[in-house]
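Worksheet: the structure to be examined is printed underneath.
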Amino acid sequence: MSLSIPEITLNDGMTIPSIGFGTYKLNGSDGAATISSAINIGYRLIDTAYNYENEGTVGEAVRRSSVPRQDLRITSKLPGRYHSYQKAVTTIQESLYRANLDYYDLYLIHWPNPKQDVYVEAWQALIDAKKWGLIRSIGVCNFLPEHLERLEKETGVKPSINQIELHPFFNQEEQRKWHEQHGIVTESWSPLARANDVFRNETLRKIADNHSKTVSQIILRWHYQLGAVSIPKSSSPERQLENISIFDFSLDDDEMNIILQLTRADGRLKNQDPAVYEEF
Ligand SMILES: NC(=O)c1ccc[n+]([C@@H]2O[C@H](COP(=O)([O-])OP(=O)(O)OC[C@H]3O[C@@H](n4cnc5c(N)ncnc54)[C@H](OP(=O)(O)O)[C@@H]3O)[C@@H](O)[C@H]2O)c1
Numbered sequence: 092m093s094l095s096i097p098e099i100t101l102n103d104g105m106t107i108p109s110i111g112f113g114t115y116k117l118n119g120s121d122g123a124a125t126i127s128s129a130i131n132i133g134y135r136l137i138d139t140a141y142n143y144e145n146e147g148t149v150g151e152a153v154r155r156s157s158v159p160r161q162d163l164r165i166t167s168k169l170p171g172r173y174h175s176y177q178k179a180v181t182t183i184q185e186s187l188y189r190a191n192l193d194y195y196d197l198y199l200i201h202w203p204n205p206k207q208d209v210y211v212e213a214w215q216a217l218i219d220a221k222k223w224g225l226i227r228s229i230g231v232c233n234f235l236p237e238h239l240e241r242l243e244k245e246t247g248v249k250p251s252i253n254q255i256e257l258h259p260f261f262n263q264e265e266q267r268k269w270h271e272q273h274g275i276v277t278e279s280w281s282p283l284a285r286a287n288d289v290f291r292n293e294t295l296r297k298i299a300d301n302h303s304k305t306v307s308q309i310i311l312r313w314h315y316q317l318g319a320v321s322i323p324k325s326s327s328p329e330r331q332l333e334n335i336s337i338f339d340f341s342l343d344d345d346e347m348n349i350i351l352q353l354t355r356a357d358g359r360l361k362n363q364d365p366a367v368y369e370e371f
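The working numbering applies: residue 92 is where the sequence shown begins, and numbers increase by one.
Spelled out as structure tokens, the structure:
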């Protein structure tokens, strides 16, 4: 079975589906079976990271799939401990060896770690790896506007994507607008807020009932209408299908605004403010 998913064109011309699949905590043979199921159901954008220690699992699911490699978009990410130029180049190569892939479609800097102040070197390594054909499109995660501005100012190259925490309790309005003004696509991590209280929220439940959809479908449709690419993770084939079945209805402006009002200044899941939080 496969579903038709609208595509988005990045500022470097590469296209990606407007919804993808998160793989955090999907490892080993169970993980490979889960990711294979997602690909069979119709997901074409798969999100992994060096630090998830499952690039090999993702690569295995890619090899098991009958979907041609050029129809998939595989993303991985550079960890904070390898930001210096030479370490970043070696890590990108290691990421490819782990997945047994010839190239990644997207490679992102995982966190800016601004106190270390080495992310511009990491960015130069991504720029060069793209020139060498190891990566098709380069982007970042968790970068604030000041970090994004520095990348462009110091290297002349703008990221295609910024993957940020985004869900109804933390809607990132200003950051999303900034991306839009600068031609950077917003990608939402933990788009379902890791299935916490969001699924018990009365407002979302009512909107879901009005559309005869699930709360998860309402949230993912909301991301789509915001113009953000979401990457929900699910270990269940039923929920994988549910999450991707969001293209046969739409939310009106009132519903979009009601969901936007659920945001809270302290709505981050784990208080990971990229201005101060670091991950290695
Ligand atoms: N760049 C970064 O710094 C960063 C940080 C965090 C995450 N990420 C990426 O973003 C991806 C998604 O985020 P996430 O995994 O943190 O959280 P998420 O996708 O918001 O939520 C995943 C949770 O929701 C549950 N779930 C999924 N679909 C559901 C449905 N239809 N109904 C009820 N529950 C449902 C899943 O349970 P089941 O598995 O049991 O269905 C799982 O517990 C990650 O996997 C990772 O690839 C990136």
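The beta carbon of each residue, even a glycine, is placed where N, CA and C say it ideally should be.
Please go through the same chain and pick out, in chain order, the residues whose beta-carbon is closer than 8 Å to the beta-carbon of D364, but skip the five residues on each side of it. none
Along the beta strand (DSSP E) that carries T181, what are the first and last residues, could you check? Not the beta strand (DSSP E): T181 falls in the alpha helix (DSSP H), residues 176-190.
Can you grab the Cα-Cα spacing for the pair P170 / P203, in whole Å? 10 Å
Give the secondary structure of R227 by DSSP, where H, G and I count as helix, E and B as strand, and everything else as coil. strand
Report whether the distance from the Cβ of D121 to the nearest heavy atom of ligand 3 is below 8 Å. This structure simply doesn't include ligand 3; it includes ligand 1 instead.
When you compare only the Cα positions, how much space is there between G311 and S341? Correcting the residue identity first, residue 311 is Leu in this sequence and not Gly. C-alpha separation (whole angstroms): 11 Å.
Return helix, strand or coil for L242, following the three-state DSSP convention. helix
Have a look at N334, F338, V306 and flag the residue whose alpha-carbon is nearest the alpha-carbon of Q316. F338
What residue does the beta strand (DSSP E) around Q254 start on, and which one ends it? 252-256
Where do the N-terminal and C-terminal ends of the alpha helix (DSSP H) with D345 fall, by residue? 344-351
Pick out whichever of Y176, E151, T182 has its Cα sitting closest to the Cα of Y210. Y176
Option in T354, Q263, I96 with minimal Cα separation from L295: T354
What residues in its chain sit with their C-beta under 8 Å from that of G224, if we drop five residues either side in the sequence? Y194
Look at the alpha carbon of K221 and the alpha carbon of R227, and state the distance between them as a whole number of angstroms. 6 Å
Host alpha helix (DSSP H) of R126 (start-end): In the sequence as displayed, the identity of residue 126 is Ile instead of Arg. That run of the alpha helix (DSSP H) goes 119-132.
Can you tell me whether K324 sits near ligand 1, meaning its C-beta is under 8 Å from at least one heavy atom of the ligand? yes
Can you determine whether any heavy atom of ligand 1 sits closer than 8 Å to the C-beta of Q266, and answer yes or no? no
Under a Cβ-count criterion, where at least 16 other Cβ atoms within 10 Å of its own Cβ denotes burial, should N348 be classed as buried or exposed? exposed
May I ask you to report which of helix, strand or coil DSSP gives W214? helix
Using CA coordinates, which residue listed in H314, E237, L117 is at the minimum distance from I142? The sequence shown places Asn at residue 142, not Ile. Among H314, E237, L117, the Cα nearest to that of N142 belongs to L117.
What alpha helix (DSSP H) runs, 4 residues minimum, are completely inside the segment 250-310? 264-272, 293-302
Please name the residue, chosen from I275, L257, N262, that lies closest to I229 on a Cα-to-Cα basis. I275
So what does DSSP say about T148, is it helix, strand or coil? helix
Can you determine whether any heavy atom of ligand 1 sits closer than 8 Å to the C-beta of K116, and answer yes or no? yes
What does the alpha-carbon distance come out to for the pair A299 and A286? 15 Å
Under the DSSP definition of a beta bridge, which residues are partnered with P108? E98
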